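Protein chains in written order, with numbering that gives the first Met the number 0: chain A, 0 to 307; chain B, 0 to 508.
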Amino acid sequence: MDLGLVIYALNLASIYALMAIGISILWSSVGMINMAHGATFAVSGYGAWIITGVMKPIIIASFGKTALATFIMASTLVGSALITGAICGALIYVLAFLPIHDKPNYPIRGLIITLAINIASVQSLLYIFGPRSRGLPKIFGFGRWEIWGTKIRFDQAGTIIGAIIILSLTLGWLKYSRRGLEVRAMMQNAEGAAYSGISRKVTALPVLMLTGALAGMSAALLSQTIFVSPTSGSVPLIMGLTIALLGGLGSVPGAVIGAILIGFLEAFIGSIPFLGQRYVMFSTFAFIIAVLIIRPRGIGGLLDDTRE
Amino acid sequence: MSTKNKFFSVGRRHWEWRIKPSEKGQWARLRMPFSKRHLLQWRGVHNPKNLNRERVLIDKKPLWWTIGLLLLALITPFLSNSLISVVSIFCMYAAINVLWTLIVGTAGIFSLATLAVVGISGYGAAAANVYLGVPWPFMLIIGPMVGFVFGAILAAPSTRLDGLYYALLTMGIAEICRVFVSQLRGLTQTGGAITQVDSFIPEDWFLQRPGLLLGFAGAFLILLGALLVWRLVNSERLGLLLRVAKTSREDEAFAEAVGIDFRRARLFVFVLSSAALGVIGAFYAMYYKSISPSVFSLDQVMLLFAMMVIGGLGRAEGAVVGAAIVVLIDKGLIELGPLRIILVAVIMLIVTMVTHEGLTGAREQFRAFRKRKSGERRARRTIKGGEVMPEEATEIHDKQEIYYRRFNKRLRDHLKTLITPDLIKEHQEAPQGKHSDQLSRVLNFFRRGEMPDKYVIMRLKEGEDDYRVMAVSGVKGTPPRVVDDKIYTNLNEAYHAVFLLRVNDLLES
Numbered sequence: 000m001d002l003g004l005v006i007y008a009l010n011l012a013s014i015y016a017l018m019a020i021g022i023s024i025l026w027s028s029v030g031m032i033n034m035a036h037g038a039t040f041a042v043s044g045y046g047a048w049i050i051t052g053v054m055k056p057i058i059i060a061s062f063g064k065t066a067l068a069t070f071i072m073a074s075t076l077v078g079s080a081l082i083t084g085a086i087c088g089a090l091i092y093v094l095a096f097l098p099i100h101d102k103p104n105y106p107i108r109g110l111i112i113t114l115a116i117n118i119a120s121v122q123s124l125l126y127i128f129g130p131r132s133r134g135l136p137k138i139f140g141f142g143r144w145e146i147w148g149t150k151i152r153f154d155q156a157g158t159i160i161g162a163i164i165i166l167s168l169t170l171g172w173l174k175y176s177r178r179g180l181e182v183r184a185m186m187q188n189a190e191g192a193a194y195s196g197i198s199r200k201v202t203a204l205p206v207l208m209l210t211g212a213l214a215g216m217s218a219a220l221l222s223q224t225i226f227v228s229p230t231s232g233s234v235p236l237i238m239g240l241t242i243a244l245l246g247g248l249g250s251v252p253g254a255v256i257g258a259i260l261i262g263f264l265e266a267f268i269g270s271i272p273f274l275g276q277r278y279v280m281f282s283t284f285a286f287i288i289a290v291l292i293i294r295p296r297g298i299g300g301l302l303d304d305t306r307e
Numbered sequence: 000m001s002t003k004n005k006f007f008s009v010g011r012r013h014w015e016w017r018i019k020p021s022e023k024g025q026w027a028r029l030r031m032p033f034s035k036r037h038l039l040q041w042r043g044v045h046n047p048k049n050l051n052r053e054r055v056l057i058d059k060k061p062l063w064w065t066i067g068l069l070l071l072a073l074i075t076p077f078l079s080n081s082l083i084s085v086v087s088i089f090c091m092y093a094a095i096n097v098l099w100t101l102i103v104g105t106a107g108i109f110s111l112a113t114l115a116v117v118g119i120s121g122y123g124a125a126a127a128n129v130y131l132g133v134p135w136p137f138m139l140i141i142g143p144m145v146g147f148v149f150g151a152i153l154a155a156p157s158t159r160l161d162g163l164y165y166a167l168l169t170m171g172i173a174e175i176c177r178v179f180v181s182q183l184r185g186l187t188q189t190g191g192a193i194t195q196v197d198s199f200i201p202e203d204w205f206l207q208r209p210g211l212l213l214g215f216a217g218a219f220l221i222l223l224g225a226l227l228v229w230r231l232v233n234s235e236r237l238g239l240l241l242r243v244a245k246t247s248r249e250d251e252a253f254a255e256a257v258g259i260d261f262r263r264a265r266l267f268v269f270v271l272s273s274a275a276l277g278v279i280g281a282f283y284a285m286y287y288k289s290i291s292p293s294v295f296s297l298d299q300v301m302l303l304f305a306m307m308v309i310g311g312l313g314r315a316e317g318a319v320v321g322a323a324i325v326v327l328i329d330k331g332l333i334e335l336g337p338l339r340i341i342l343v344a345v346i347m348l349i350v351t352m353v354t355h356e357g358l359t360g361a362r363e364q365f366r367a368f369r370k371r372k373s374g375e376r377r378a379r380r381t382i383k384g385g386e387v388m389p390e391e392a393t394e395i396h397d398k399q400e401i402y403y404r405r406f407n408k409r410l411r412d413h414l415k416t417l418i419t420p421d422l423i424k425e426h427q428e429a430p431q432g433k434h435s436d437q438l439s440r441v442l443n444f445f446r447r448g449e450m451p452d453k454y455v456i457m458r459l460k461e462g463e464d465d466y467r468v469m470a471v472s473g474v475k476g477t478p479p480r481v482v483d484d485k486i487y488t489n490l491n492e493a494y495h496a497v498f499l500l501r502v503n504d505l506l507e508s
């Protein structure tokens, strides 16, 4: 296996990890399966596209083509994607969490409402912007480095580094802040957290906004490699869900390990000549099913009985 | 004194349609042939007023089912060609949904691979017809066989994985099926579709009116068959066993403790519905004379799921009603374009946000809501007025008490209207002596007050003008309690203070 393949695998893994961790945290703390995560992904891609489209002439006019302009462009793109994602998260909080969080059948109804949000927003994007895909400005440039004889494209390196930075920020927030402590308590045992005075209603909003921002971040990073389109959220959603399952419910290290495993598996299967790109999804799902049958709670997940 | 009489409805039973049985046919019931099972659930009751025998239909659902299906079968032949095909598609989707409901609701296995089962068995049957030359009637046997085998494979991990893990696994399996079929070497020219499948609709009738009517007849029979499977599973022993272990983990433990092997029962229902779905798969391939990988697509699964959710998850009538709504929007309003999917999603959103169990559960939810509200109102009336509520009245033996309390309530209501600042001022100026008509009515009411908590004035020291307001306990041997610390130096002032306290109590009652 050469270095290029490793870089490609890590590139995939970082995007998947961002999606899977968002789904996993939300699932285990708020108890909601967010099927609208893919919609958040697509909507924040479009949000970033609109805002960078508006800002691009202004930035070029005021800064020219300097390194500073590129930096401001990059921060505009990432910032707008993050903010759009967070707004989507807040919207999901208002529609899918607040009205039903204390009503009967909450988990299944939450799943259904987020699914409906997903369908509605993807179709609205199709209706408003059409099926044509849009390219976002390349914030990392088009060049490539040569390390030990292999070429690493800037966008791949940028994606990996950006994902690592965002993930460490998220994990740091979870570990060191007061709100993060509350979220972790809810992830471990929701009932116990409620007894200790942690309000699910209050904590759910930052969690949903955080996971939305993570989806927005992955949209911004993936937009460096592929184009943004209304249906671009469905594959990251399915992969994120399955990797969250593979890693185990509520386990952040499990999700990271799962993402890396799947990233390498996809890169490896894609490089085998007689299997090729067509069987990537097939083999990924087969692998995940095999793991889940052997270990039903996923790689790092707790048993449901333990959580209760 | 003019208070309007207001009557409140008594009891919690809603009105029911009752019929009078004939003298001879007192115990006659319609029964299923060759069994003792009743067709309709009649209950014989007595009318408490005239003691006549009457009959009440406990479960009216069979009637609604019959009326709805009859109307569907009678109206469809007079519709236009495009609407006939919409109705046929509705029948097919409703049948798939009913069987899916059997898996999700009765068996409690959250599977998303229902359409994958339909697709795989459709492909199996179509392949047997096109490549092996099997005549079309045998497709209806090959389909369920393939469905049975595939269902058995799918069911194997369902006991090991719970809930959503299994749902995602089945979603993965559907995706694998789609990729597998569209990658098959032999089908690459057609994009993974098998075309030119032989059918029960003759070649020259296809897409003509007689062909469409024949297709509708077949789809309607398929729907009836699915409903029959639903009914048989739920009304027999198997459904009973599954209902024991339905709702929670404690129920499962209970079922296990009393010796019910609910896992086996679930697997059995799953495999049975998969075989039935296989019939629908073969029918699907015959109806369109082709089958393509779009059967496996996630959008299609989502659309079917939306149908079940809008109607009500886990109910047969919900599956059919939801299918009617969604198919009407999706296929009937084609000119709306992508807006119709948004419409479906918005309906799904609103229905899920408002109702607990879909549209078909809305009636029960509304009844529960109304009952709760009327209970709240009753409680509020009792607290506020002190009048006897109808439910309470049956418990009180001394009916005089009830009338006294009603009279008292009305009197107080009337006296409240008399109390004005002028009246209070009049009393302040002259607590004793000749009063106006209104004031003397109010004071008369106060004089007749009950002994417990009646206000009295106490002179603090003999011969001095220092007074305090007390309230007597009404119990012999228990001293009166002090109402407030204020000391009045004038007897009239004390009289007026007592008056104000009583007015306050009256207005608060």
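Where is the CB? At the ideal position from N, CA and C, for every residue including glycine. This one's a predicted model, so the numbers in the text were calculated from it and none came from an experiment.
Proximity test, Cβ basis, 9 Å: residue i and chain B
{"i": "G299 (chain A)", "result": "no"}
{"i": "Y126 (chain A)", "result": "yes"}
{"i": "L260 (chain A)", "result": "no"}
{"i": "Q122 (chain A)", "result": "yes"}
{"i": "L94 (chain A)", "result": "yes"}
{"i": "I91 (chain A)", "result": "no"}
Cross-chain neighbours of residue i in chain A, by beta carbon under 7 Å
{"i": "T113 (chain B)", "result": "Near T113 (chain B) there are no residues of chain A at all, since even the closest Cβ is about 16 Å away, more than 7 Å."}
{"i": "M347 (chain B)", "result": "I111 and A115"}
{"i": "P156 (chain B)", "result": "I292"}
Closer than 7 Å at the beta carbon, the chain B residues around residue i
{"i": "N104 (chain A)", "result": "H355"}
{"i": "I24 (chain A)", "result": "Neighbours of I24 (chain A) on chain B: none; closest Cβ ~16 Å, over 7 Å."}
{"i": "R108 (chain A)", "result": "T351"}
{"i": "I309 (chain A)", "result": "Since the displayed chain A opens at 0 and closes at 307, residue 309 (chain A) lies outside it and no answer follows."}
Min CB distance residue i to chain A below 9 Å
{"i": "M0 (chain B)", "result": "Residue confidence is low: M0 (chain B) scores 48 on pLDDT, short of 50, so the model does not pin down where it sits. Its coordinate-derived value is still stated next. Output row for M0 (chain B): interface = no."}
{"i": "D161 (chain B)", "result": "yes"}
{"i": "M352 (chain B)", "result": "yes"}
{"i": "Y92 (chain B)", "result": "no"}
{"i": "V116 (chain B)", "result": "no"}
{"i": "Y494 (chain B)", "result": "no"}
{"i": "I340 (chain B)", "result": "yes"}
{"i": "A392 (chain B)", "result": "no"}
{"i": "P430 (chain B)", "result": "no"}
{"i": "L297 (chain B)", "result": "yes"}
{"i": "Y287 (chain B)", "result": "no"}
{"i": "A305 (chain B)", "result": "yes"}
{"i": "Y164 (chain B)", "result": "yes"}
Where residue i meets chain A, residues with beta-carbon distance less than 9 Å
{"i": "E174 (chain B)", "result": "I237, M280, F281 and F284"}
{"i": "Y122 (chain B)", "result": "Those within 9 Å of Y122 (chain B) in chain A number zero; the least Cβ separation is about 17 Å."}
Beta-carbon neighbours of residue i, restricted to chain B and to distances below 8 Å
{"i": "P136 (chain A)", "result": "Those do not exist, as P136 (chain A) stays about 28 Å from chain B at its closest Cβ, beyond 8 Å."}
{"i": "I32 (chain A)", "result": "L163"}
Nearest-angstrom beta carbon gap, residue j and residue i [assumed within contact, 8 Å]
{"i": "A284 (chain B)", "j": "V196 (chain B)", "result": "5 Å"}
{"i": "Y15 (chain A)", "j": "A258 (chain A)", "result": "4 Å"}
{"i": "G191 (chain B)", "j": "L183 (chain B)", "result": "7 Å"}
9 Å Cβ cutoff, residue i in contact with chain D
{"i": "V308 (chain B)", "result": "Here chain D cannot be found, since the structure's protein chains are A and B."}
Chain A residues whose Cβ lies nearer than 8 Å to that of residue i
{"i": "L167 (chain B)", "result": "L240, T241 and L244"}
Item to check | Under 8 Å (Cβ pairs) to chain B, residues found in the region 262-290 of chain A | outcome: Per Cβ criterion, the list reads R277, Y278, M280, F281, F284, A285, I287 and I288.
Item to check | Complete runs of the alpha helix (DSSP H) confined to the region 268-344 of chain B [at least 4 residues] | outcome: With a minimum length of 4 residues, the continuous alpha helix (DSSP H) runs that stay inside the region 268-344 of chain B are 297-310 and 315-331.
Item to check | Interfacial residues, the region 227-254 of chain A to chain B, with Cβ spacing under 8 Å | outcome: When CB distances to chain B are screened at a threshold of 8 Å, the residues of the region 227-254 of chain A falling below it are S233, I237, L240, T241 and L244, in chain order.
Item to check | Short-range partners of chain A found in the region 235-266 of chain B, where Cβ spacing is below 7 Å | outcome: Listed by position along the chain: nothing, the set is empty.
Next on the checklist: Going residue by residue through the region 46-81 of chain B, where are the continuous beta strand (DSSP E) segments of at least 3 residues, counting only ones entirely within it?
Outcome noted: Runs of the beta strand (DSSP E) inside the region 46-81 of chain B: 52-56.
Checklist entry - When Cβ atoms are compared, which residues of the region 311-336 of chain B fall closer than 9 Å to chain A? => result Under the 9 Å Cβ criterion, the region 311-336 of chain B contributes L312 and G336.
Checklist entry - What are the start and end residues of each continuous alpha helix (DSSP H) run of 4 or more residues lying completely inside the region 78-156 of chain B, in chain order? => result Segments of the alpha helix (DSSP H) lying fully in the region 78-156 of chain B: 80-100, 113-131 and 135-154.
Next on the checklist: Quick check for students: name the residue ranges of the beta strand (DSSP E) that lie wholly in the region 121-198 of chain A, counting only runs of 3 or more.
Outcome noted: Residue ranges of uninterrupted beta strand (DSSP E) with 3 or more members, entirely inside the region 121-198 of chain A and ordered along the chain, are 143-146 and 149-152.
Checklist entry - If you measure beta-carbon to beta-carbon, which residues of the region 172-196 of chain B are closer than 8 Å to chain A? => result The residues in question are I172, E174, I175, V178, F179 and Q182.
Checklist entry - Which parts of the region 375-428 of chain B are runs of the alpha helix (DSSP H), unbroken and 4 residues or longer, counting only runs that do not cross its ends? => result 389-392, 398-417 and 420-428, all fully within the region 375-428 of chain B.
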